[in-house]
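Some notes on the structure that comes next.
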Amino acid sequence: MRASAALAVELDRRRPGRTVVRALRSAAPLTLVPRAGAARPEAGAAAVVHLVSSAPAPLGGDELELTVRVGPGARLRLHGVAATLALPGHRSVPSHSVVRIEVAEGARVDYLPEPTVVTARAWHRAELRVELAGHAVARCREVLVLGRSGEPAGRLHSAVHVRRAGVPLLRQSVDLGPDELADSPAVLAGHRVLATEVIAWPDVVEPAGGDWWALSPLAAGGALATALAPDAVTAQRLLANARAAHPAAADLAEPAW
Amino acid sequence: MTDPPSPAALILADSRFPGGGHVHSGGLEQAVSQGLVSGLDDLAGFLAGRLRTAGRLAAVFAAAAAHAAARRVRPAHWVALDAELDARTPTPAQRAASRAQGRGTARAALVAWPSPVLADLLAVTPRPHHAVLVGAVHGSTGGNAGQAALTTAYLAVSGPASAAVRLLGLDPFAVNAVLARLGPALTELAAEAARTAADRPADLPAPSSPALDLLAEAHDRHHQQEVRLFAS
Amino acid sequence: MPADRHAHDHGPGADHVHPVNFDPTAAEPDRHRAEPSAGRAFRLGIGGPVGSGKTALTAALCRALGAELRLAVVTNDIYTTEDADFLRRAGVLAPDRIEAVRTGCCPHTAIRDDITANLDAVDQLEQRFPGLELVIIESGGDNLTAVFSRGLVDAQIFVVDVAGGDKVPRKGGPGVTTADLLVINKVDLAELVGADMAVMVADAHRMRGALPVITQSLTRTPDAPEVADWVRGRVARVAA
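Below is the structure:
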């Protein structure tokens, strides 16, 4: 299956400070649902869009693409609603998903998908590419779970690229799977869940950390929160520790829905 | 790789090479202190994982740097390689360890293998990443990308192996055998790294090493309280 | 000069140079040393066995010289925070003038075979404090064979102590025989531990030929005046 979805938000010219959804194109299994009330947003508030997987996706052979544009000064919060299950397809080829996010000057995006569970025999390649303008901010979370409870993991290659004004802030990929040495103390050290959150904020960040979590300043600006945990709930809690250590912690707190 | 290794490759891979490598354990000291590595089996798993993650990243950049050095690239290319490797090294502790070893290797290399290529590289990146510097020495002394990758990948595991002997008192013959068993993986990884040597810096692979990143940060944090014997 | 230069005792002040000699107990100054340049700080190594008083001597020199020379210290393998705080608590040096090197369990390698980590530490201090005149590099405690590379230091002091036994100088080793200055520490303890100072000093001079030996007790002279004078002389020689 091939699917290409798109989302664009921008500031409303007639109502200053209000972000509106300008374009939205779902393509099964990528279904985008603006949160109720998005038509009458409050000034300064983010447009909230849910990313619903309307089919159990991705399956082997799927090519999924999502393109997101956040206009100058606009704010977008893009949420997942349920865990993504990477499942095996009928063909012996990987499924492939690409998410591209462009964030214009003065804009902010929070890309917070739910965990990706790499089921047994899955073969999935995920790619996230974020392009930030010089004074845009973004945070992007990724939570990878090796298999459903008690199940061995399939194969996953996940790559994240974040650039600001063309300068690379973060590029990293992870290769997980039954033969990928996840148990090695150098890779996942026996943990089943790897959670990361890029926090591309202007603040100067001091390194912080605790048992199996860290908040690390990136060389070219911004920070990366990393956590390893036995389960997704613990991983989220450790990520929250890392966010709390960030100077912009108040800005990063999870809103109540 | 059928070419014999260049003499420079042998010298760089020698544990007696005076580039400051002996004070780095590549996360092994922290793994030992957290009880993750206590014997030969754990060490073998640690090294195999390190090779596939941090070792592969280093090999990829060493191969690219060797290719670049052989072509005598413009200084901007060294700046790009440096920035791209920085973006692939998310923790300050890992960047500091890489640059400390790069600087140490550069000091030795400037005396042993002075060249316009090294001068160019060090003019724009005075504290280069270790992998880039090692690759550049290979490329500027007639070595190829595969050899540079092999040397660098080997160094990514030989240092921690030696640290394990010193920290855990493991049988050096057994540890040496663990290293020897990584031979096929080293060869494969070096050949794979050589295949991307000509790619644009931005397109080079970016294998992460999450546990090593966390161990490196923990190593630095704990050094403030209980003191570590290795710099990383 | 007799053919066998080791059959005779070198009295204090004896002034002759040996040809190349591979006898590890041979006394001879290193003739291959790099000339310290006037553009950087003078680098002084302080080595010696564990517990001989290297850190105490370093602190004493900081006290004695801190007011007249711009100085900083590199420590190797400080194992406990108590030790690490010693210099700071002594109040003789601001903490940012002290760089700690970790040697990966190989203190002798870090000062002799692969001096990279120590050179990096010196570089960092010189960048932090432009115009530094003296950097003292204190080695980790090691055995009698450990000496500083001439690529790292311009001069080195080897510290032994009376409590280690009066046979130490006689045992030789490159530290005792070739260091630019041998300091025999804790002489106030000689009687308590039954050490014969006369034998110790005579052995030291015999092993070292023309090279100087200073005996001291930091209990009696906390600022190590004789050693400080010797250091002043060495630094002045380069500055001149």
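Residue numbers (the working numbering), protein chains in the order written: chain A, 22 to 278; chain B, -3 to 228; chain C, 2 to 241.
Using N, Cα and C, we set each Cβ at its ideal position, and we do this for glycine too.
Since the structure is predicted, the reported quantities are computational estimates derived from the model, not experimental observations.
Any Cβ of chain C closer than 8 Å to the Cβ of B/Gly35 would place that residue at the interface, and such an atom is absent. C-alpha of B/Ser154 to C-alpha of B/Gly17: approximately 10 Å in a straight line. A Cβ-Cβ distance of about 5 Å is found for the pair B/Ala104 and B/Gly15, placing them in contact under the 8 Å criterion. Assignment of A/Pro251 by DSSP, reduced to helix, strand and coil, places it in the coil class.
Against A/Leu245, the close residues of chain B are Pro86, Thr87 and Asp209, in the order they occur along the chain (beta-carbon pairs closer than 9 Å). Two segments are said to touch when three or more pairs of C-beta atoms, one from each, lie closer than 8 Å; by this definition the segment 200 to 212 of chain C touches the segment 160 to 179 of chain C. Taken in chain order, the complete beta strand (DSSP E) segments of 3 or more residues contained in the segment 171 to 251 of chain A are 176 to 185, 188 to 197, 214 to 221, 229 to 231, 234 to 238 and 244 to 250. The beta-carbon distance between B/Ala60 and B/Ala193, rounded to whole angstroms, is 5 Å. This is short enough to meet the 8 Å contact definition. At a cut-off of 8 Å between beta carbons, C/Arg103 contacts chain B. Unbroken alpha helix (DSSP H) stretches of 4 residues or longer found wholly inside the segment 59 to 144 of chain C: 82 to 90 and 117 to 129, given in chain order. Against chain B, a Cβ distance below 8 Å from C/Leu58 picks out nothing, because the smallest value is about 22 Å. Taking a C-beta cut-off of 8 Å against chain A, the contacting residues of the segment 42 to 67 of chain B are Phe42, Leu43, Ala44, Gly45, Arg46, Arg48, Thr49 and Ala50, listed in chain order. A/Val114 is classed as exposed because its beta carbon has fewer than 16 other beta carbons within 10 Å across all chains shown. For B/Pro156, the uninterrupted alpha helix (DSSP H) run begins and ends at Ala141 to Leu164, by DSSP. Contact between B/His125 and B/Asp78 holds, since their C-beta atoms are separated by about 6 Å, short of 8 Å. Under the Cβ distance rule, B/Ala96 counts among the residues neighbouring chain C, one pair being separated by less than 8 Å.
Per DSSP, reduced to three states, the secondary structure at C/Val51 is coil, with no helix or strand assignment. By the CB criterion at 8 Å, B/Ser21 and C/Gly105 fall inside the cutoff.
Note: A/His100 is bridge-paired with A/His71 and A/Leu133 in the DSSP secondary-structure output. In the displayed model, B/Ala176 falls within a helix according to three-state DSSP. Taking the C-beta atoms as reference points, A/Ala128 is found nearer than 8 Å to A/Val91.
What B/Gly23 touches in chain A, judged by beta-carbon distance under 7 Å, is Ala207, going in chain order.
Taking the C-beta atoms as reference points, C/Gly165 is found no nearer than 8 Å to C/Thr146. A straight-line Cα-Cα distance of about 13 Å links A/Pro50 and A/Gly82. With a cutoff of 8 Å on beta-carbon distance, C/Val154 and C/Leu72 are scored as not near each other.
The beta carbon of B/Ile7 sits closer than 8 Å to those of Phe13 and Ala108, all from its chain and outside the five residues before and after it, given in chain order. Not a single CB atom of chain B sits nearer than 8 Å to the CB of A/Asp83. In the structure shown, A/Thr105 adopts extended strand secondary structure according to DSSP, grouped into three states.
Annotated three-state conformation of B/His63 is helix, per DSSP. Taking C-beta atoms as the reference points, C/Val123 and C/Lys55 fail to come closer than 8 Å. The way I'd put it, the segment 185 to 203 of chain A does touch the segment 159 to 167 of chain A; three or more beta-carbon pairs between them come closer than 8 Å. Per the coordinates, the alpha-carbon of B/Asp116 lies some 52 Å from the alpha-carbon of C/Thr216. Residue environment analysis places A/Arg162 among the buried positions, since at least 16 neighbouring C-beta atoms fall within 10 angstroms of its C-beta. When C-alpha distances from A/Leu87 are compared across A/Ala27, A/Arg35, A/Leu53 and A/Ala104, the shortest belongs to A/Ala27. Our two residues, B/Ser29 and B/Leu163, have alpha carbons roughly 10 Å apart in a direct line.
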